[in-house]
Amino acid sequence: MLGVAGLLTLLVLVLLLAAYRNDAAIDSHLGTANAEVLWVGWDRTIVRFETPDGAVHISQDGVLYPDGLTEGQLVHVEYDVTDPNLVRVAGRSFTLAFLPVGTTIAITWLAAAPLLWWLRRRAGTS
């Protein structure tokens with residue numbers, strides 16, 4: 534149980550680090566555009582935008598921080614000019630991940646702690 538809770542904690546912290554690195558990549562090669570939301574699904578939100586060179590890009594991996602977007606909506610995005618598939622909703626950042634990461638860690642340990650206590654106590658009485 535301790536290993537599972539520790540592994541889950543590590544995974545969500547790595548997820549937070551990945552979001553930070555994506556933001557840093559976008560910030561280091563920042564491009565901006567207006568985008569149209571093409572599709573909103575449970576696992577990704579796809580947007581289409583045009584870069585200054587006239588190329589049209591569709592974010593196959595999905596836009597970062599898509600909460601609240603709806604199909605057909607126009608939204609301002611920021612993207613990495615060296616990798617236009619790395620795109621986020623303008624004004625949003627990895628800090629939005631603090632709440633879900635913190636909540637996941639808290640729930641994990643709130644569930645694991647009593648179970649660990651119970652298992653330890655049970656092992657002591659056997």
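Start counting the sequence shown at 534; every next residue gets the next number (the numbering used here). We put the beta carbon where it would ideally sit given N, CA and C, even for glycine. Small disclaimer: the values here were computed from a predicted structure and weren't measured.
State the Cα-Cα distance for the pair residue i and residue j, rounded to the nearest angstrom.
i             : j              : result
leucine 549   : alanine 558    : 14 angstroms
aspartate 593 : leucine 546    : The sequence given here has glutamine at residue 593, not aspartate. Using only the alpha carbons, I get a separation of about 25 angstroms.
alanine 630   : alanine 644    : 21 angstroms
valine 537    : arginine 654   : 19 angstroms
aspartate 560 : tryptophan 651 : 48 angstroms
threonine 565 : isoleucine 640 : 37 angstroms
proline 599   : aspartate 616  : 19 angstroms
glycine 605   : glutamate 569  : 6 angstroms
valine 610    : alanine 552    : 16 angstroms
glycine 657   : leucine 541    : 27 angstroms
arginine 625  : proline 647    : 37 angstroms
histidine 590 : glycine 574    : 19 angstroms
leucine 571   : arginine 577   : 11 angstroms
What would DSSP say about residue i, mapped onto helix, strand or coil?
i            : result
arginine 577 : coil
leucine 629  : helix
leucine 602  : coil
valine 596   : coil
leucine 637  : In the sequence as presented, leucine is not what sits at residue 637; that position holds threonine. Three-state result, threonine 637: helix.
So the alpha helix (DSSP H) residue i belongs to, where does it begin and stop?
i             : result
aspartate 556 : 535–561
Within the continuous beta strand (DSSP E) that includes residue i, where are the two ends?
i            : result
valine 617   : It is worth fixing the name first, because residue 617 is proline in this sequence and not valine. From DSSP, the beta strand (DSSP E) with proline 617 extends over 616–622.
tyrosine 612 : 607–613
valine 589   : 589–591
Any heavy atom of the ligand HEM within a distance shorter than 8 angstroms of the CB on residue i?
i              : result
tryptophan 642 : As far as ligands go, the structure on display features none, and thus does not contain the ligand HEM.
Cβ atoms of residue j and residue i: under 9 angstroms apart, would you say?
i              : j             : result
valine 596     : valine 622    : yes
leucine 535    : leucine 619   : no
asparagine 567 : valine 614    : no
tyrosine 612   : threonine 637 : no
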